[in-house]
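A.B. asks: Take a look at the following structure, please.
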Amino acid sequence: MFDVDNINEIWQTIARNKTRSLLTAFGVFWGIFILVILLACGNGFDNGLRSQIEGFATNSTFIISSPTTEAYKGYQKGRDWNVDMSDIEAIKKKIKGVDMLSPIFSKWTYNGENNVFYGTKGGNFSLKGVLPNYIEIDRCKVMYGRFINETDIAEARKVCVLGKKAYEDIIGTDKNPLGLMIKANGIYYQVVGVVEAYNGNVSVSGSMDETIILPLTTMQIAYNTGDKFDFFVFTTARGYDTKDLQTEIKNLLRERHDIAPTDEGAFVCFGFEEIFTMFEYLFLGIKILIWIVGIGTLLSGVVGVSNIMLVTIKERTREIGVRRALGAKPSIIIRQVMAESLLLTILAGIVGLVIGVAIMVVVSGVVANTPSDDVMFLDPQIGFGAAIAATIIIVLSGLLAGVLPATRAIQIKAIDAIREE
Amino acid sequence: MIKLENINKTYFGAQPLHVLKGINLEVAEGELVSIMGASGSGKSTLLNILGILDNYDEGDYYLAGKLVKNLSENQAAEFRNKLIGFIFQSFNLIPFKTALENVALPLFYQGVNRKKRIMMAMEYLERFGLKDWAEHYPNELSGGQKQRVSIARALVTSPKIILADEPTGALDSKTSAEVMQILREVNASGITMVIVTHERGIANLTKKIVHLKDGVIESIEENDPDKMDFTKEIK
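Right, here's the structure in full:
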């Protein structure tokens, strides 16, 4: 179809009307260009938001005890209850599908006064008592030393791990923090490590960067709460359903704490998976919207090409008639018209694709070099798959644009050429 | 070469128009025939049927021994391409192609390769003294040159017959004479030629004049063109 002669034939007709061809091609160019830009921006927001939740186990669920809302077994409603260590053991023993499980004991600082000190330098940070595996859930990088370990828990050691910001604020980056003693809410702890949160902005009871992490048992002793704690977090093992697991755990807790089987209000259950799923759907929706808008724009370009080609065919009635008289078969005419529209669309489309991608590469570079903590827009580029899809769409729209003019062209009979008007 | 048997053609419009009412005509190989008639006599329709540009309702048309009837578009295209060369009143050269490309176009539709095409087209242009004009576009050529290019285009496929529709209609008398001279030479080389005209002077240069009136052949006149001083007779 695209040998030199045919290309020449097609090129001659396209080049004959440069302005018109250019304007026509612009519609397709614009369609593809907009599609690429939209797709890339969609990806940019997608990446940006994903980077926000990066580092946090997306399959984790928080369960917080809350006063009961139904009377049950002689207890009145509105009764306070707490999860305790024996619940944790029971969950570990009886429920399958829990990957990691860590209770959290959290001490917030409400008044904004400095509560953590090293020497005379102080800062306002929250305290969090956890088990060693918590780092697997709220993932972060260990900068110095280590995280809380099993021995710390077993012996309820007075040690702590500092968040990066806490370390920088009260100790200073010029000092090795390991072994130093800091005072938090009036009690001294020895620093065994410093952690740095990934750039994620999703966290529970404060970012790890701004937290003093203590062994759970130490904290329970320090605040005299026995084996009680505020809430716990678990992650779902691969192959298990988070929703089922949440129900199972809640049922177990109801049984153990004499809570009515129908009492949903006794828990605040917070599954990240649902939120992430929601985000996934949101992005899917945005993506679909982008494709619809993009394809719509492109379609108007295609209609433009088709329209102009129809006009061209009308103008070329005599020429096509002469060609027919000279022995051009209908298939040759169809091929020529189709090839014209294909060449026009493909050229315009590829230019649109290239320019769109090039612009987004530049934008991407600018975004990457703009330092910001709250990155909502990251790496706005289209994937290879989307580029391939766009190319296929270009070709298809070229064919689509050619169908009507080609049909019109073969209706021209050789006799029309000779008819002297 | 051409045999028409009882050709009938009606245009069905708001008012059905019976244009050809039983045409019987035979043209032998190598003949130079003109078809004369007033406008509306059906001479153009007859030429269109001869050129397989239009179909007919009744009768049989044999071209080079083959029945031309109910052909598909593809077959018709092939017949036209291989058997017939067209010369039009308004030349019908493709404006954005050079003289050379115009002449080479029928060969393109035959699938002849580019090199050979250009060579053959050049040969025919040379024959009609247009070698220096090969790269010129039609709008850079004079009327006579344009008609010579279109004659070259009609001949390049070595057709069996040449159909000329008022070949001198758009030319002045001097160029008309030149073009007629060329057509006669072409005919002398053995190619059958049918010329539609309403000019007596042109018809006088052919050996057989078919007079058409109201869709029937009124008379067929034998003629000796060599007796005519064609430079005087035209117009």
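Protein chains in written order, with the working numbering: chain A, 1 to 421; chain B, 1001 to 1235.
Glycine included, C-beta positions come from ideal geometry on N, C-alpha and C.
From a predicted model like this one, the values you see are computed outputs, not experimental measurements.
Which residues, in chain order, does the segment 328 to 340 of chain A contribute to contact with chain B at a C-beta distance below 7 Å?
C.D. replies: Against chain B - using a Cβ distance shorter than 7 Å - the residues of the segment 328 to 340 of chain A are A328, K329, P330, I332.
A.B. asks: So L326(A) contacts chain B; which residues on that side make the cut at Cβ distance below 8 Å?
C.D. replies: As a working mapping, residue 326(A) is identified with position 326 in the first sequence. Under the 8 Å cutoff, chain B gives R1080, N1081, F1086, L1105, P1106, Y1109, R1153.
A.B. asks: Taking only beta-carbon atoms, is L1017(B) less than 8 Å away from chain A?
C.D. replies: Here residue 1017(B) refers to the residue found at position 17 of the second sequence. Judged by the 8 Å Cβ criterion, L1017(B) is not in contact with chain A.
A.B. asks: Does the segment 278 to 294 of chain A come into contact with the segment 94 to 107 of chain A, if we say contact requires no fewer than three beta-carbon pairs (one atom in each stretch) closer than 8 Å?
C.D. replies: Counting Cβ pairs under 8 Å, fewer than three are found: no touch.
A.B. asks: Give the interface partners of N1024(B) over in chain A, defined as CB-CB distance under 7 Å, in chain order.
C.D. replies: In the second sequence, residue 1024(B) corresponds to position 24, counting from 1. Those within 7 Å of N1024(B) in chain A number zero; the least Cβ separation is about 23 Å.
A.B. asks: Is D46(A) close to chain B, meaning its C-beta is less than 8 Å from at least one C-beta of that chain?
C.D. replies: The count along the first sequence starts at 1 and reaches residue 46(A) at position 46. Answer no: the Cβ-Cβ gap between D46(A) and chain B never drops below 8 Å.
A.B. asks: So E319(A) contacts chain B; which residues on that side make the cut at Cβ distance below 7 Å?
C.D. replies: To locate residue 319(A), count along the first sequence from 1; it is residue 319. Within chain B, the residues near E319(A) are I1094.
A.B. asks: Quick one: which residues of the segment 1048 to 1073 of chain B get their C-beta closer than 8 Å to a C-beta of chain A? List them in chain order.
C.D. replies: Listed by position, the residues of the segment 1048 to 1073 of chain B near chain A (Cβ gap below 8 Å) are N1048, G1051, L1053, D1054, E1073.
A.B. asks: Would you mind stating whether A197(A) and C140(A) have Cβ atoms separated by less than 8 Å?
C.D. replies: Within the first sequence, the letter at position 197 stands for residue 197(A). Within the first sequence, the letter at position 140 stands for residue 140(A). The answer is yes: Cβ separation under 8 Å.
A.B. asks: Let me know the secondary structure DSSP gives F117(A) once reduced to three states.
C.D. replies: The sequence position of residue 117(A) within the first sequence is 117, counting from 1. Strand.
A.B. asks: Just to confirm the assignment: which complete alpha helix (DSSP H) runs, minimum length 4, are found wholly within the segment 1189 to 1230 of chain B?
C.D. replies: The qualifying runs are 1200 to 1203.
A.B. asks: Please name the residue in I1182(B), E1026(B), K1115(B) whose C-alpha comes closest to that of I1087(B).
C.D. replies: Here residue 1087(B) is taken as the residue at index 87 of the second sequence, counted from 1. If we check each option's Cα against that of I1087(B), I1182(B) comes out closest.
A.B. asks: M1001(B): which of P1225(B), L1050(B), A1014(B), M1122(B) sits nearest, CA to CA?
C.D. replies: The count along the second sequence starts at 1 and reaches residue 1001(B) at position 1. Looking at the Cα atoms, L1050(B) is the closest of the given residues.
A.B. asks: So T1168(B) and G1085(B) are in contact, right, with Cβ under 8 Å, and what is the actual spacing, rounded?
C.D. replies: Residue numbering aside, residue 1168(B) sits at position 168 when the second sequence is read from its first letter. Residue numbering aside, residue 1085(B) sits at position 85 when the second sequence is read from its first letter. Contact flag wrong, Cβ pair sits at about 17 Å.
A.B. asks: Run down chain A in chain order and give the residues with a C-beta less than 8 Å from the C-beta of R1114(B).
C.D. replies: Working through the second sequence from its first residue, we reach residue 1114(B) at position 114. By Cβ distance, chain A contributes V4, D5.
A.B. asks: 8 Å is my cut-off, CB to CB: does A414(A) come that close to chain B?
C.D. replies: Residue numbering aside, residue 414(A) sits at position 414 when the first sequence is read from its first letter. Closer than 8 Å: yes.
A.B. asks: Would you call the segment 345 to 355 of chain A in contact with the segment 21 to 36 of chain A, where contact means no fewer than 3 C-beta pairs closer than 8 Å?
C.D. replies: The segment 345 to 355 of chain A vs the segment 21 to 36 of chain A: in contact.
A.B. asks: What does Q12(A) touch in chain B if you count any residue whose Cβ is under 8 Å from its own?
C.D. replies: Numbered from its first residue, the first sequence carries residue 12(A) at position 12. Here the neighbours are F1096, K1097.
A.B. asks: Since V1112(B) contacts L1155(B) with CB under 8 Å, what's their CB separation in whole angstroms?
C.D. replies: Within the second sequence, numbered from 1, the residue matching residue 1112(B) stands at position 112. Within the second sequence, numbered from 1, the residue matching residue 1155(B) stands at position 155. No, V1112(B) and L1155(B) are not in contact; Cβ-Cβ is about 14 Å, not under 8 Å.
A.B. asks: Under the three-state reduction of DSSP, which class applies to I423(A): helix, strand or coil?
C.D. replies: With chain A covering only 1 through 421, there is no way to say anything about residue 423(A).
A.B. asks: Less than 8 Å separating the beta-carbons of N430(A) and K243(A)?
C.D. replies: Past the boundaries of the shown model lies residue 430(A); chain A is included only from 1 to 421, so the question cannot be answered.
A.B. asks: Within 8 Å of any Cβ in chain B, is that where the Cβ of R422(A) sits?
C.D. replies: There is simply no residue 422(A) to check, as chain A begins at 1 and stops at 421 in what is shown.
A.B. asks: Between A326(A) and P1106(B), how many whole angstroms is the CB-CB distance? I'm expecting something under 8 Å.
C.D. replies: Along the first sequence, one-based indexing puts residue 326(A) at 326. Along the second sequence, one-based indexing puts residue 1106(B) at 106. With the sequence shown as reference, residue 326(A) is identified as Leu, and Ala is not the correct amino acid for it. Contact holds; Cβ gap of about 5 Å.
A.B. asks: Please work out which residues of its chain come closer than 7 Å, Cβ to Cβ, to L246(A), disregarding the five sequence neighbours upstream and downstream, and give them in chain order.
C.D. replies: Here residue 246(A) corresponds to residue number 246 of the first sequence, with the count starting at 1. The sequence shown places Gln at residue 246(A), not Leu. Within the same chain, Q246(A) has close Cβ partners T61, C269, G271.
A.B. asks: When burial is assigned at 16 or more other CB atoms within 10 Å of the CB, is T312(A) buried or exposed?
C.D. replies: Residue 312(A) sits at position 312 when you count from the first residue of the first sequence. Answer is buried; the Cβ neighbour count reaches 16.
A.B. asks: Kindly say whether V322(A), judged by its beta-carbon, lies nearer than 8 Å to any beta-carbon of chain B.
C.D. replies: Residue mapping note: residue 322(A) aligns to position 322 of the first sequence, counting from 1. Taking Cβ atoms only, chain B reaches closer than 8 Å to V322(A), which makes this a yes.
A.B. asks: Please report whether the beta-carbon of A1177(B) lies at a distance below 8 Å from any beta-carbon of chain A.
C.D. replies: Counting from 1 along the second sequence, the entry for residue 1177(B) is found at position 177. No, its Cβ sits nowhere closer than 8 Å to a Cβ of chain A.
A.B. asks: Taking 8 Å as the cut-off, decide whether the C-beta atoms of N47(A) and L289(A) are in contact.
C.D. replies: Numbered from its first residue, the first sequence carries residue 47(A) at position 47. Numbered from its first residue, the first sequence carries residue 289(A) at position 289. No, they are not a contact pair.
A.B. asks: So, is M1119(B) buried or exposed, given that buried needs 16 or more other C-beta atoms within 10 angstroms?
C.D. replies: Within the second sequence, the letter at position 119 stands for residue 1119(B). By the 10 Å Cβ count, M1119(B) comes out exposed.
A.B. asks: Checking contacts by CB at 8 Å: is A1077(B) closer than that to chain A?
C.D. replies: Start at 1 with the first residue of the second sequence, and residue 1077(B) comes out as number 77. Yes, A1077(B) counts as interfacial toward chain A.
A.B. asks: With which residues is Q190(A) paired in a DSSP beta bridge?
C.D. replies: For the purposes of this step, residue 190(A) is taken as residue 190 along the first sequence, with counting starting at 1. For Q190(A), which the question treats as bridged, DSSP gives the partners V159(A), M181(A).
A.B. asks: Going by DSSP, which residues form a beta bridge with S1011(B)?
C.D. replies: For the purposes of this step, residue 1011(B) is identified with residue 11 of the second sequence, where counting begins at 1. The amino acid at residue 1011(B) is misidentified as Ser; the sequence shows Tyr. Answer is L1017(B), bridged to Y1011(B).
A.B. asks: Comparing C-alpha positions only, which one of A390(A), T218(A), S306(A) sits nearest to L400(A)?
C.D. replies: Translated into positions along the first sequence, residue 400(A) becomes position 400. Cα-wise, what sits closest to L400(A) is S306(A).
A.B. asks: Could you name the residues of the same chain whose beta carbon sits closer than 7 Å to that of V1019(B), not counting the 5 residues immediately before and after it, in chain order?
C.D. replies: Position 19 of the second sequence, counted from the first residue, corresponds to residue 1019(B). These residues qualify, in order along the chain: K1009, T1010, Y1011, G1042, T1045, G1215.
A.B. asks: Going by C-alpha to C-alpha distance, which of E70(A), G119(A), R16(A), K250(A) sits closest to L180(A)?
C.D. replies: Position 180 of the first sequence, counted from the first residue, corresponds to residue 180(A). Closest by alpha carbon: G119(A).
A.B. asks: Specify whether the segment 202 to 222 of chain A and the segment 162 to 175 of chain A touch according to this definition: at least 3 beta carbon pairs, one from each stretch, less than 8 Å apart.
C.D. replies: With the cut-off at 8 Å, the segment 202 to 222 of chain A and the segment 162 to 175 of chain A touch.
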